[in-house]
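Below you'll find the structure, written out as structure tokens, and then a few comments.
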Amino acid sequence: MKTASTVSEVRQWRRGAGGSAALVPTMGYLHAGHVSLVERARRENDRVAVSLFVNPKQFGPSEDLARYPRDVERDTRLLEAAGCDLLFAPTVEEIYPEGFQTTVDVGTVAAPLEGKRRPGHFRGVATVVLKLLAIFQPDRVYFGAKDAQQLAVIRKMVRDLGLPVDVRACPTVREADGLAMSSRNVYLTPEERRAAPVLYRALEAGRDRWAAGERDAETLRQTIRSVLAEEPRVRVDYVSVADPETCQELETVAGPALLSLAAFLGKARLIDNVVIGAAPALRE
Ligand code: AMP
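As structure tokens, this is what we get:
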């Protein structure tokens, strides 16, 4: 595996050989969820690149940018084992040279849910992803369904701007007890970690209620909330039943729906979701 820290090294790598190229954007501190994206990219492309960049533009002033976990050596070993060809780990100055001003605003899909609680977050995400796509010019780019609104934002940007890249989504990888893998899970104390599977249990309860025939979105939200309330350590930020493409809240679930939530457990703010009523291809 080659390692690059500059844009010109990546361009050289891209020009170096033919065939299809994939990009998997990450913020590092990798886990099995990230690895699943790399392995899928490996199966579907001739060459696979992973970017590792903790993007300051997607963190709010009171968020965890400074303490976001990092371990480049461990990440390098994991990526090597997963069959990555190029690891791109740039400095902040390499991505945002002095005077950088352009931002990407994708519109209403970025407004609710995470966008409402984290103002500017998706502007930061869309801006860095567009820049990475411009640097790599990959045939395919891989994202996790774990960050469902991020996926919707990227898909919208790619569609609106006519970017020549195929966006592929991979299912959420979970711990054995259902907790969605996340770099932020390291913030959890042992007690909080024991409580954390309630997030997925609550979403499953919503999905079960839907499978039993319930179509009223507010009833599904209440079902999810009532399971979360069983765990006093959990402080709910939001519970949502929304359109997976537009991320706008639904009144009635007539087609596909994104059941999602954000909750604080101690210092950690965790998000999770499930999609109901969609064909597997849409769900992923
Ligand atoms: P991050 O490093 O958190 O920015 O995540 C990088 C990519 O990995 C994003 O596309 C995430 O959606 C994806 N990802 C994070 N956690 C998981 C997970 N548990 N399962 C699948 N994909 C994930």
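Counted from 1, the sequence shown has number 165 at position 182 by the working numbering; the numbering is strictly sequential. Don't be surprised by glycine CBs; every beta carbon is placed ideally from N, CA and C.
- Beyond the five residues adjoining it in sequence on each side, F83 comes within less than 7 Å, by CB distance, of no other residue in the same chain.
- In this structure, DSSP gives D220 an extended state, which the three-state scheme calls strand.
- Any heavy atom of the ligand AMP within less than 6 Å of a residue's beta carbon puts that residue on the list, which reads T9, M10, G16, H17, S19, L20, F126, G127, K129, D130, C153, T155, V156, A163, M164, S165, S166.
- Selection R252, G260, N256 evaluated against E46 yields R252 as nearest (Cα-Cα).
- The DSSP-derived three-state label of A72 is coil.
- In the structure shown, S(-12) adopts coil according to DSSP, grouped into three states.
- For F126, the uninterrupted beta strand (DSSP E) segment begins and ends at 123 to 127.
- A straight line joining the alpha-carbon of V87 with that of V7 spans about 20 Å.
- In the structure shown, L186 falls within a helical segment according to DSSP collapsed to helix, strand and coil.
- If you draw a straight line from the Cα of A188 to the Cα of R142, it is about 34 Å long.
- Around the CB of D68, 16 or more other CB atoms lie within 10 Å, so the residue is classed as buried.
- A buried status is given to R190, since no fewer than 16 other beta-carbon atoms sit within 10 Å of its beta-carbon.
- Closest by C-alpha distance to R208, out of D199, A194, L186, is L186.
- The three-state secondary structure of S45, taken from DSSP, is coil.
- Around A128, the same chain offers L134, A152, C153, P154, T155, N256, V258, R266, E267 as residues with beta carbons nearer than 8 Å, after the five sequence neighbours per side are excluded.
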